[in-house]
Amino acid sequence: EDQVTQSPEALRLQEGESSSLNCSYTVSGLRGLFWYRQDPGKGPEFLFTLYSAGEEKEKERLKATLTKKESFLHITAPKPEDSATYLCAVRTGGSYIPTFGRGTSLIVHP
Amino acid sequence: EAGVAQSPRYKIIEKRQSVAFWCNPISGHATLYWYQQILGQGPKLLIQFQNNGVVDDSQLPKDRFSAERLKGVDSTLKIQPAKLEDSAVYLCASSLAGGDTEAFFGQGTRLTVV
Chain A
1 EDQVTQSPEA LRLQEGESSS LNCSYTVSGL RGLFWYRQDP GKGPEFLFTL
51 YSAGEEKEKE RLKATLTKKE SFLHITAPKP EDSATYLCAV RTGGSYIPTF
101 GRGTSLIVHP
Chain B
1 EAGVAQSPRY KIIEKRQSVA FWCNPISGHA TLYWYQQILG QGPKLLIQFQ
51 NNGVVDDSQL PKDRFSAERL KGVDSTLKIQ PAKLEDSAVY LCASSLAGGD
101 TEAFFGQGTR LTVV
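Those sequence lines, one after another, are chains A and B. If you use my numbering, the first sequence corresponds to residues 1 to 110, in order. If you use my numbering, the second sequence corresponds to residues 1 to 114, in order.
In C-alpha cells form, the structure reads like this:
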C-alpha cells in the first residue's frame, strides 16, 4: 500500500531561521510528487510538482528537492507570512488517486 | 481569473439527515475533484470527473455518497444519510486536464454532523 509520511508534524521557527520539511514515500512507479500550502480555513494552494530524482524547483523562499525515497521543502529565511500547513502528495503510474500526507504545520514567529 | 467556487461554506446537520454541496470549477477546466479532509489529516480523494464522466470513484462510500457533474461544468456532492464520521471539510478542485496537472482548490465546505 502506498504510504506518504511527513515530518515533523509541527515546526516552530523564528523569523529568518531556515529549516526543511520532509516528505517520505513508499510507492511504486512515482508519476509526480506535489507540494501544497494550506492556510487555515482555505483550500490547498499548489506550490510545486517534482517528477524525477534530482529535480529541484524554487519559488521565493521555498525550494523543493526530490530523491528516490523522499522530498524536502527547504524554507530559507522564513517570514511570519510563511506560517501555514504544508502538504505533500504523490501520484503513481496507473492510478489517478493522489495520496496526501498529513502535513507539517509551520509557525514562524516574528 | 475567478477561482473554484463552493457553497455553502459551513453546514451543521443532525445524523441521518441529507446534505448537498455545490462546486463551480474554473472556466475551461475539464477535470473536477471532490476531496474529504478530516481535521488533522491530508485531503482524501472521493471522486474525479473528466468533463461529465467519472474517472475514479473507488474511494467514494457509494452507499451514502453520490456525486454528479452537470453538463461537464458544475458539480454536486450529496450525503444521504449522514453519519457522525462524515464531519469534515469537503474540498472541490479543478484542473485543465487530469494526471499531473496543477489542481486549484476551492475554500471548502465545513460539515459538522451532530
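Note that the Cβ used here is the ideal one computed from N, Cα and C, for glycine as well.
- Sorting T85(A), V108(A) and R31(A) by C-alpha distance to the C-alpha of K68(A) places R31(A) at the top.
- Below 8 Å, too few C-beta pairs join the stretch 44-60 of chain A and the stretch 6-21 of chain B to call them touching: fewer than three.
- Within chain A, no C-beta atom comes less than 8 Å from the C-beta of A30(B); the nearest is roughly 13 Å away.
- F104(B) has a beta carbon lying within less than 9 Å of a beta carbon in chain A.
- With fewer than 16 other Cβ atoms inside 10 Å of its own Cβ, R16(B) counts as exposed.
- When the five nearest sequence neighbours on each side are left out, the beta carbons in the same chain lying within less than 7 Å of the beta carbon of T5(A) are those of S24 and G101, in order along the chain.
- Assignment of D86(B) by DSSP, reduced to helix, strand and coil, places it in the helix class.
- Distance check between L84(B) and each of V19(B), P8(B) and V113(B) places V113(B) closest, using alpha-carbon atoms only.
- Rounded to the nearest angstrom, the Cβ distance from P8(B) to T109(B) is 6 Å, consistent with a contact under 8 Å.
- Buried is the label assigned to R91(A), since at least 16 other Cβ atoms lie within 10 Å of its Cβ.
- Bounds of the beta strand (DSSP E) holding N24(B) are V19 to N24.
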